[in-house]
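Asks:
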Amino acid sequence: MPISRLHSLAFIVAGLAVALAILASSYDLASAAKDFVTLHVLPAVTSNPEQRNTHKAEMAEQTPKTPVYFVSHGGPNLVEETDHPAYAKLQEIGKEITSKVKPKAVVLFSAHWQGRNDKVLVNTAEITDLIYDFYGFPDWYYSIKYPHVGSRDLAQNVMSKLENAGIGYTPVTRGLDHGAWLPLLVAFNPEKNPLNVPIVQVSLFKNENPDEHHRLGEAVAALREENILILTSGMAVHNLRDLWFSAGQDQPMPYVYSFDSALKDAATAEPGQRQAKMAEILKRGDARQAHPTFEHLLPIHIAAGAAGSDVGTRLFTLADGSMSWAQYRFGDLAGNATVAAKF
């Protein structure tokens, strides 16, 4: 008998079975509907526990996940340095996200927002202004706009996942700092490559513990299965103290090369070894030269935690004075446009 006829007969038999059950018992309609779906969709699988488990495993393997990104965002002056190589790379990453990943929302972690030592902060605001958390720039920098909206439902989803992971949090109302809006503005130019999805920002911890930030990433990793993009923003190497000195030098500071290379080795390591390798780089002799404070490095630890078993790839790097502009993606781009978001 043709498969299509078998499918139709299965549908009819399932319907009759449920109808008889309703007539013969005190079945409620909700239970009947549930059984109808079970009988219709999985008539063979539900009859065999081993097959049912195999089917579930196959479905889990087929569930697409969004990749995770770590971007080096630079300073506010990047908005007008359109010929900077990092500007072009961020635009390329933005186009990759809008054309291939197509997320339904973004959860963003920025180096410029730290919570408490033992808890993070979650922005629940739907409409807020930008935060101009910098000084000494031309006046027009302080009137830059980036159109964005938040989502209370997505924020609640994030907080629920944090609670399930045993991570403390506090809901707050806050604008986007420049570690958030700057890379968004470059990557997702409102006129040329608009993102047009809700954005919820979550803080780092106040502490500098890489493993706790890795666990923070693990806590929100399931968002990837809901077609929600996890975007982390910092700098691969970030030493403002040496910025002006390095500007007068012919070559970038030596620690930029050495630490950037070590970070690549750790971030692209086999996933089972990655967390330990990434924690070790904070103990390197050049770590405090590359990062006098670690807040610009910790976002990539969140990204690695959210990545799970997915491999990290360095998409770009550039040694620039006392900075490195390395950009990373964890996971691939395959099949991410078909999953509806569940806030």
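Numbering (mature numbering (1 follows the signal peptide of the UniProt record, and there is no 0)), first residue to last: -32 to -1, 1 to 311.
From the three backbone atoms N, C-alpha and C, an ideal C-beta is built for every residue, glycine too.
Just so you know, these numbers come straight off a predicted model, no measurement behind them.
1. Counting only the same chain and skipping the five closest in sequence on each side, list residues whose C-beta sits under 7 Å from that of residue 27.
2. Just to confirm the assignment: which complete alpha helix (DSSP H) runs, minimum length 4, are found wholly within the segment 37 to 121?
3. Determine the burial state of residue 213: buried for a count of at least 16 other Cβ atoms within 10 Å of its Cβ, exposed for fewer.
4. Compare the beta carbon distance of residue 147 and residue 96 with 9 Å and say whether it is the shorter of the two.
5. Which residues bound the alpha helix (DSSP H) around residue 239?
6. Between the C-alpha atoms of residue 92 and residue 217, what's the straight-line distance to the nearest angstrom?
7. Say whether the segment 236 to 250 touches the segment 148 to 164, bearing in mind that this needs 3 or more beta-carbon pairs closer than 8 Å, one atom from each stretch.
8. Since residue 187 and residue 133 are thought to touch, with beta carbons under 8 Å apart, how far apart are those beta carbons, to the nearest angstrom?
9. If we call anything under 9 Å between Cβ atoms a contact, is residue 220 one with residue 127?
10. Consult DSSP for residue 156 and reduce its assignment to one of helix, strand or coil.
11. Apart from the five residues just before and just after residue 183, which ones in its own chain have a Cβ nearer than 8 Å to its Cβ?
12. Once you ignore the five residues that flank residue 239 on each side, which residues in its own chain have a CB closer than 6 Å to its CB?
13. Going along the chain, which residues of its own chain have a beta-carbon closer than 7 Å to the beta-carbon of residue 250, five neighbours each way excluded?
14. Please say whether residue 75 and residue 170 have beta carbons closer to each other than 9 Å?
15. Given this structure, state the Cα-to-Cα distance separating residue 44 from residue 289, to the nearest angstrom.
16. Short of 6 Å in beta carbon distance, which residues of its chain neighbour residue 130, apart from the five on each side in sequence? Order them along the chain.
17. Mapping DSSP to helix, strand and coil, what is residue 224?
18. Given a threshold of 16 other Cβ atoms within 10 Å of its Cβ, counted over all protein chains shown, does residue 113 qualify as buried or as exposed?
19. Closest by CA to residue 78, which one among 299, 42, 161, 105?
20. To which residues of the same chain is residue 82 closer than 8 Å at the C-beta, ignoring the five residues directly before and after it?
21. Less than 8 Å between the CB atoms is what I'm expecting for residue 284 and residue 294, so what's the real figure, rounded?
22. If you count every other CB in all the chains shown that lies within 10 Å of the CB of residue 49, and 16 or more means buried, which is it?
23. So what does residue 268 bridge to, in DSSP terms?
24. May I ask you to list the residues that DSSP assigns as paired with residue 280?
25. Using a Cβ-Cβ cut-off of 7 Å (strictly less than) and excluding sequence neighbours within five positions of residue 309, which residues of its own chain qualify?
26. For the alpha helix (DSSP H) that residue 188 lies in, which residues bound it at each end?
27. Quick one: measure Cβ to Cβ for residue 90 and residue 123, integer angstroms, because I've assumed they're closer than 8 Å.
28. Would you call the CB atoms of residue 66 and residue 162 closer than 9 Å?
29. For a test of the three-state rule: what should DSSP assign to residue 28, helix, strand or coil?
30. Residues in its own chain within less than 7 Å of residue 265 by CB, not counting five upstream and five downstream?
31. Under the rule that 16 or more other beta-carbon atoms within 10 Å means buried, what is residue 330, buried or exposed?
Replies: Looking at the atomic coordinates:
1. Per-residue confidence for residue 27 stands at a pLDDT of 44, beneath the threshold of 50, marking its modelled position as unreliable; no derived number is given.
2. If only complete runs of 4 or more residues are kept, the segment 37 to 121 shows the alpha helix (DSSP H) at 53 to 64, in order along the chain.
3. Exposed, since its Cβ has fewer than 16 Cβ neighbours within 10 Å.
4. In this structure, the beta-carbon distance from residue 147 to residue 96 does not fall below 9 Å.
5. 239 to 248 is the extent of the alpha helix (DSSP H) around residue 239.
6. One C-alpha to the other measures close to 45 Å.
7. Touching, no.
8. The pair is a contact, with the Cβ atoms about 4 Å apart (cut-off 8 Å).
9. No. Outside cutoff.
10. It is coil, neither helix nor strand.
11. By the criterion of a C-beta distance shorter than 8 Å, residue 183 is surrounded in its chain by 133, 135, 273, once the five residues flanking it on both sides are discounted.
12. The beta carbon of residue 239 is closer than 6 Å to those of 277 in its chain, skipping five residues each way along the sequence.
13. 178, 262, listed in sequence order.
14. With respect to residue 75, residue 170 sits close: the two C-beta atoms are nearer than 9 Å.
15. If I take the Cα positions, the gap works out to 16 Å.
16. Excluding positions up to five away in sequence, the list reads 137, 187.
17. In the displayed model, residue 224 falls within a helix according to three-state DSSP.
18. Taking a 10 Å sphere around the C-beta of residue 113, we find fewer than 16 other C-beta atoms and assign the residue as exposed.
19. From the listed residues 299, 42, 161, 105, the smallest Cα separation to residue 78 is found for 42.
20. Residues 171, 172, 173, 174, 263 of the same chain have their beta carbon placed closer than 8 Å to that of residue 82, with the five preceding and five following residues left out of the count.
21. The C-beta distance from residue 284 to residue 294 rounds to 7 Å, short enough to fall under 8 Å.
22. Classification of residue 49: exposed, given that the 10 Å Cβ count is below 16.
23. According to the DSSP secondary-structure assignment, residue 268 is paired through a beta bridge with no residue.
24. Note: residue 280 sits in a beta bridge opposite 298.
25. At residue 309 the pLDDT is 45, less than 50, meaning the model places this residue with poor confidence; the figure from the coordinates comes in the next sentence. Apart from sequence neighbours up to five positions away, the residues of its chain that approach residue 309 with a beta-carbon distance below 7 Å are 72, 73, 194, 195, 196, ordered along the chain.
26. Per DSSP, residue 188 belongs to the alpha helix (DSSP H) from 178 to 188.
27. With 8 Å as the limit, residue 90 and residue 123 qualify as a contact, their Cβ atoms being about 5 Å apart.
28. With a cutoff of 9 Å on beta-carbon distance, residue 66 and residue 162 are scored as near each other.
29. Only weak support is given to the placement of residue 28: the predicted model assigns it a pLDDT of 44, under 50, and the question is left unresolved by the model.
30. Hits under 7 Å: 202, 259.
31. In the structure as shown, the chain starts at -32 and stops at 311, and residue 330 therefore has no counterpart that could be examined.
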